[in-house]
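In the working numbering, the protein residues as written are 11 to 194.
Okay, structure first, notes after.
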């Protein structure tokens, strides 16, 4: 039996109305929706989750999975990092969260030693290729679509016929899918 898997994706927090303020009501609502979707996926057989640990939805999803793991669940978190120095220029708080996630994850895989122009594209493909589903805090507005790496991940996931579950970053509204859409 193959393990069902889901990758986390999302816009850079600067795209959110609340920015990096995770105490904001909308951010809390989005995180609660993320948790509910992780639980729904898990209850339907998804046991492996993949994250690039970027600030925003990938980091939140990773932390939520680790919280479930602490409670004795067989859920797995796999960190897929675009390059070794990914968190070098982040704030100390974000770096600490990043290293804590990587340390507690089921596995950690780094694609490039140093930043390369295509390391994020390679990371996105790696995440999608190992997943049946993508859980994203994402707005497919055409003006935003081409500006962020997450847009390329979503386009690649659509091309690969993965199930995509989105949470809108401005409203927290969920666009669900059926569990069979993401099966390979």
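By construction, the Cβ of each residue, glycine as well, lies at the ideal position given by its N, Cα and C atoms.
Candidates the options: which alpha carbon is nearest residue i's?
i: residue 179; options: 148, 168 and 173; result: 148
i: residue 101; options: 30, 68, 175 and 185; result: 30
i: residue 56; options: 103, 106 and 86; result: 86
i: residue 14; options: 123, 81, 129 and 88; result: 88
i: residue 12; options: 140, 123 and 60; result: 140
i: residue 73; options: 83, 110 and 123; result: 110
i: residue 80; options: 169, 116 and 129; result: 116
i: residue 177; options: 168, 47 and 82; result: 47
Confirm, please, whether the CB-CB distance from residue j to residue i is below 7 Å.
i: residue 49; j: residue 16; result: no
i: residue 23; j: residue 65; result: yes
i: residue 119; j: residue 90; result: yes
i: residue 63; j: residue 136; result: no
i: residue 76; j: residue 114; result: yes
i: residue 92; j: residue 121; result: yes
i: residue 43; j: residue 131; result: no
i: residue 19; j: residue 163; result: yes
i: residue 97; j: residue 105; result: yes
Tell me which residues share the same chain as residue i and place their Cβ nearer than 8 Å to its Cβ, disregarding the 5 neighbours each side in the sequence.
i: residue 37; result: 26, 28 and 31
i: residue 21; result: 66, 67, 147, 148, 149, 154, 158, 160 and 179
i: residue 84; result: 57
i: residue 129; result: 92, 93, 121 and 122
With a CB to CB cut of under 7 Å and the five nearest residues on each side skipped, what residues in its chain are close to residue i?
i: residue 192; result: Confidence is the limiting factor: at residue 192 the pLDDT is only 46, short of 50, which leaves the residue's position unreliable and the question unanswerable from this model.
i: residue 186; result: 175
i: residue 134; result: 159, 162, 163 and 166
i: residue 182; result: 36, 39, 40 and 43
i: residue 125; result: 93 and 95
i: residue 70; result: 41 and 44
Can you give me the start and stop residues for the beta strand (DSSP E) that residue i sits inside?
i: residue 28; result: Looking at the DSSP string, residue 28 is not in any beta strand (DSSP E), and its letter there is neither H nor E.
i: residue 14; result: 14-20
i: residue 63; result: From DSSP, residue 63 is part of no beta strand (DSSP E); its letter is neither H nor E.
i: residue 161; result: Unbroken run through residue 161 is the alpha helix (DSSP H), 159-169; no beta strand (DSSP E).
i: residue 187; result: No beta strand (DSSP E) holds residue 187; DSSP gives it neither H nor E.
i: residue 173; result: 173-177
i: residue 118; result: 117-122
Looking at the secondary structure, which residues open and close the alpha helix (DSSP H) in which residue i lies?
i: residue 37; result: 35-53
i: residue 96; result: Careful: residue 96 lies outside any alpha helix (DSSP H) and carries neither H nor E.
i: residue 130; result: 129-139
Whose C-beta lies closer than 6 Å to the C-beta of residue i among residues of the same chain, with five residues either side of it excluded?
i: residue 123; result: 94
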